[in-house]
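Protein chains in written order, with full-length UniProt numbering: chain A, 1 to 467; chain B, 1 to 467.
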């Protein structure tokens, strides 16, 4: 994959494996922004405190849940003696999310008190009486036999596919997994066909296990994209290095077209008008589980890369990174999670679109959620009062300009709306969208993707090739 | 109906219609506790401020939504010119609830912002940033034809069965009624057979209408029980008159047995031990819609009366009144509403039982809610931090004492648990429960009720007769 000038690297140690890089590498992090565990005296976890001008993480500090490097071997040996729980791919994504502090101040998979507050209040009250947002249950399901295996143990080892211990969950609490109630309160429906439910809940166990998580080795996917997976701490460092005085996050799980680019450029302009000197964009594609008909992460990253190469977005003021969370498609409930996690990564502005995290109703011919509810719920959500919500302005193809532009209701006849479905149909048929809808390089990636999809005998999608 | 010495009257004007009363009538209300509209300058509503030692209402003041008596005729004439919405029986119960300020600071049926916050957060943020609990949607549904009828009008008249205007809803907002989402988020299930859903939602309109409510005439039922329907303001006056320094509320919708009585007596004892000088019990049966197999309000009130006559509870420190809300059977969601409404009536302690507002799952052989979730959710609920939650201690029949007693786990063999089902079966078969389970007069009422039920040809239950 060719280089993207605006991207930051995951860790400097990865550089050697890359070619043709002209990344700006955050080697010289301001020391004051990273409190080493030696200095804080905490054991087995790195705790970060407020950096410069950035918004504070939820709960006042970023909770990272890594075992100290020097303790890893010891912990691995400890883990081998514990009852084992095998993690699914999505479980592992949540371990990743938790370990890096996206869900701060959560210290592990939810115990029942946290689960109930999430389901009923979309927020959790902390010991000091303050409230943080938490709308999506981050839970680990086990079945009867696993529960029996755990017996009276107070800790368990979380192991990967090959039984290697990934993490330890300690001071555990096991409680009932009422799937119906969890689904109804999270999605506002129990209709069969919800992608995350089918994938991760329906066949999961009847118990949930919560506890304090410590990750032995940071989660890596070895898919060529780990270098894009910056943790909240790393993103905060990068924003500080760039002297950002505002960070605006754009969550996406679709190809970027020029309407998106217009919106992001316009947002920066508005922030400058508001008096900010250096607003930085966090372009933050979701990297965890997505439904089968979404464009896979690899192809999306390739498309984003082409868009950035085309210079549609300014590399100096854009950080592209992958958000490791799996996707729930839970509309107004999930958009809160998407926003809250970005606070922890240092974003104080959040761009929210029409029907965020929405999808079609699995059974009925309508959208599952009201298109305006995401924005409304987000703006009223407990624990998100500090976050500035920026509603998405509607962009459409302006025939008079041969370009994407903000829709002008005084001359609707000049605009064409190109829906996601329309875009996919064009790409599948190798047709071109109107000039100016998407940069040609980005469009080519999309066409290639659908081409590979059609060619794939077993429906499995090929990885994109470097070009 | 014979008199109950501990009951307060609804209004002194009703006394004339009663015989054999030896009620304590709150004729001499402390003037300082009632802010007349003349003094506050508010028009068309009575606003109450904090009384003595009682807990403050949600939002700081009790919001009553009555048209001033002098303005009623004028408003009635206004109403006749407005588009009309006919209220169902349950709608009217909500008008009653709203008008008396049980849902303070709500000023009428919910607009969409309030509805969404209720569904997602079980709480509403006020303009000053503070949060009040609100877990159950208080909404008014209309159908397409009613919506068309309203057209561009900004106010509507709410009319009763006979088209008499009951109230005016002004500054209205009409928004979509997504029934599936409302049901899923309120009940945590969409299984068919939820009583309130079948009764009030399934066949209701596809739109909700919110706005500011003004009630022209206070809602009366003319069923002989209106005198028991004290408003929050009247209850506060009564507690103040009795110099209560703590008020503990007991919500019920079932016959009272000696286990309940033990609990209530024991609660008072504990509050005295805590240093309160005069804790007063609000024995507060729910009076609105209940499901078909619950004992109807008339029979329950008759049963409560017998229990009180038997002297099981101390009339000096007990206020019996009817809570006008309809029942949702929404478990942990609804118990918050039950508690919040009682704050508005002056209660600062709330007794919560096992599985409050719970019922069997309509389809599966299990309880709909985990029996402990109600208590847990209540104790964590936003906006209820000021309320003291008193968990119900388990009482059972102690064979060694021939009386109801708190269950002693060290000698389980000495206790019999008499479930509601068991109690109903005994009463239906005209059998007696063990001595000391319920006072004989109260039991007799239950037997009579089930007798009348069996005898009723068309399934309609007879009213209890005075004895």
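Glycine included, each C-beta is placed from N, C-alpha and C at the ideal position.
Assigned exposure category for residue i - 16 Cβ within 10 Å defines buried
i	result
residue 413 of chain B	exposed
residue 81 of chain B	exposed
residue 269 of chain B	exposed
residue 73 of chain A	exposed
residue 185 of chain A	buried
residue 258 of chain A	buried
residue 290 of chain B	buried
residue 135 of chain B	buried
residue 449 of chain A	buried
residue 222 of chain A	exposed
residue 228 of chain B	buried
residue 371 of chain B	exposed
residue 387 of chain B	buried
residue 438 of chain A	buried
Other residues of its chain near residue i: CB distance less than 6 Å, five sequence neighbours each side excluded
i	result
residue 335 of chain B	356, 357, 374, 378
residue 347 of chain A	247, 249, 282
residue 231 of chain A	100
residue 242 of chain A	280
residue 456 of chain A	none
residue 42 of chain B	Its pLDDT being 33, under 50, residue 42 of chain B is placed unreliably by the model, and the measurement read from it follows with that caveat. Contacts found: none.
residue 118 of chain B	134, 137
8 Å Cβ cutoff, residue i in contact with chain B
i	result
residue 189 of chain A	yes
residue 185 of chain A	yes
residue 453 of chain A	no
residue 448 of chain A	no
Under 9 Å by beta carbon: chain B residues contacting residue i
i	result
residue 281 of chain A	What residue 281 of chain A touches in chain B: nothing, since even the nearest Cβ is about 28 Å away.
residue 354 of chain A	Within 9 Å Cβ-Cβ: nothing; residue 354 of chain A doesn't reach chain B, min ~16 Å.
Same chain, Cβ closer than 8 Å to residue i, five either side skipped, listed in chain order
i	result
residue 445 of chain A	255, 299, 302, 303, 306, 464
residue 266 of chain A	393, 406
residue 109 of chain B	94, 98, 138, 139, 140, 169, 208, 209, 210, 211, 213
residue 436 of chain B	258, 397, 401, 402, 403, 404
residue 54 of chain B	236, 239, 240, 244, 247, 346, 348
residue 142 of chain B	85, 150, 174, 205, 207, 208, 209
residue 154 of chain A	170, 171, 172
Contacts of residue i in chain A (Cβ-Cβ under 8 Å)
i	result
residue 370 of chain B	176, 178
Contacts around residue i, its chain only, beta-carbon distance under 7 Å, and the 5 residues preceding and following it disregarded
i	result
residue 215 of chain B	65, 66, 67, 95, 99, 166, 167
residue 132 of chain B	58, 59, 105, 123, 124, 126, 383
residue 392 of chain B	263, 351, 352, 353, 354
residue 430 of chain B	447
Cβ-heavy atom distance, residue i to the ligand SAM, below 7 Å
i	result
residue 391 of chain B	Inclusion of the ligand SAM in the displayed structure is not the case, the ligand content being empty and no account of it being possible.
Mind checking the region 373–399 of chain A against chain B and listing, in chain order, the residues whose C-beta falls within less than 8 Å of any C-beta there? 373, 376, 377, 380, 381, 382, 385
If the cut-off is 9 Å on Cβ atoms, which residues from the region 160–183 of chain A count as contacting chain B, listed in chain order? 175, 176, 178, 180, 181, 182, 183
What residues from the region 313–335 of chain B come within 8 Å of chain A, judged by C-beta to C-beta, listed N to C? 332, 333
Name the residues in the region 112–132 of chain A whose C-beta lies less than 9 Å from a C-beta of chain D; which are they? Absent here is chain D; the protein component of the structure consists of chains A and B.
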